[in-house]
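So the structure is just underneath, and the comments pick up after that.
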Amino acid sequence: DAGITQSPRHKVTETGTPVTLRCHQTENHRYMYWYRQDPGHGLRLIHYSYGVKDTDKGEVSDGYSVSRSKTEDFLLTLESATSSQTSVYFCAISESGAGQGHEQYFGPGTRLTVT
Amino acid sequence: AQSVTQLGSHVSVSEGALVLLRCNYSSSVPPYLFWYVQYPNQGLQLLLKYTSAATLVKGINGFEAEFKKSETSFHLTKPSAHMSDAAEYFCAVTGRSGGSNYKLTFGKGTLLTVNP
Numbered sequence: 250d251a252g253i254t255q256s257p258r259h260k261v262t263e264t265g266t267p268v269t270l271r272c273h274q275t276e277n278h279r280y281m282y283w284y285r286q287d288p289g290h291g292l293r294l295i296h297y298s299y300g301v302k303d304t305d306k307g308e309v310s311d312g313y314s315v316s317r318s319k320t321e322d323f324l325l326t327l328e329s330a331t332s333s334q335t336s337v338y339f340c341a342i343s344e345s346g347a348g349q350g351h352e353q354y355f356g357p358g359t360r361l362t363v364t
Numbered sequence: 000a001q002s003v004t005q006l007g008s009h010v011s012v013s014e015g016a017l018v019l020l021r022c023n024y025s026s027s028v029p030p031y032l033f034w035y036v037q038y039p040n041q042g043l044q045l046l047l048k049y050t051s052a053a054t055l056v057k058g059i060n061g062f063e064a065e066f067k068k069s070e071t072s073f074h075l076t077k078p079s080a081h082m083s084d085a086a087e088y089f090c091a092v093t094g095r096s097g098g099s100n101y102k103l104t105f106g107k108g109t110l111l112t113v114n115p
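Chains as they are written, first to last, in the working numbering: chain A, 250 to 364; chain B, 0 to 115.
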């Protein structure tokens, strides 16, 4: 299994509070991704990173920000959590961009509940 | 732009029966195609991928998929279902590019139930 960990694995927070999720990899892969998974929607890309301090938006980026100060860590921040951000969040990594055919390896996920 | 449609959000089969999960894609450029499996409370695991080396792709756990350009399809099959195959399956597509502008786009998933 690819060395990807996510923390925390479960979190319950209140509306309006900031939340940071962490993804840590030991594979030294260049690309890292944050997805959310919701019933009936599959996985949707929030943000991704193609190198240290290089990030870009995905299809559902509103209300989220990311940072990557080291190759191994990719942080996802909800500045002010809303109930619509209740979801399961997955981190993924890959050697290169999606357009080069390399598969993405997924972490175990973080279940976030915003009350 | 790329998109993928998985026909049937829920498929139920008997143990030992053929498994067929359908995926149709749309892509403005030659695609890469993937099937992932997700067991309950786990992350996604790659089953197989199509990169144009062969149209019939064999994956793990006895699964295979055939790329049919004329039908824009990449259906997943397994000759004989096992109870352990019960999971959710996702098809995903991306366009071929040397840059970072192409993303992996997932279908909405098909939940496979295997009945004893």
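Beta carbons are placed, not taken as given, at the ideal position from N, Cα and C, and that holds for glycine.
| Query | Result |
| --- | --- |
| By DSSP, does B:Ser79 sit in helix, in strand, or in coil? | coil |
| Please confirm whether A:Tyr282 and A:Ala341 have their CB atoms less than 8 Å apart. | yes |
| Name, going along the chain, the residues of the stretch 272 to 301 of chain A whose beta-carbon falls closer than 7 Å to a beta-carbon of chain B. | Gly289, His290, Gly291, Leu292, Leu294, Tyr299 |
| Helix, strand or coil: which one does DSSP assign to A:Asn277? | coil |
| Note down the Cα distance separating A:Gln274 from A:Tyr313, rounded to an integer number of angstroms. | 21 Å |
| Going by other Cβ atoms of all chains shown within 10 Å of its Cβ, with 16 needed for buried, is B:Glu87 buried or exposed? | buried |
| Would you identify the three-state DSSP class for B:Gln41, choosing helix, strand or coil? | coil |
| Taking C-beta pairs closer than 9 Å, name the residues in chain B that A:Gln353 reaches, listed in chain order. | Phe33, Tyr35, Leu43, Leu45, Ala91, Leu103 |
| Exposed or buried, which one is B:Gln41 when buried takes at least 16 other CB atoms within 10 Å? | exposed |
| Would you verify that the beta carbon of B:Gly58 is, or is not, closer than 8 Å to some beta carbon of chain A? | no |
| Contact criterion: CB-CB distance below 8 Å. Does B:Gly7 meet it with respect to chain A? | no |
| I want to know whether the stretch 307 to 325 of chain A touches the stretch 2 to 10 of chain B - three or more CB-CB distances under 8 Å. | no |
| How far does the beta strand (DSSP E) with B:Thr4 in it extend, from its first residue to its last? | 1 to 6 |
| Taking just the CA atoms, how far does B:Ala53 sit from A:Ser333? | 42 Å |
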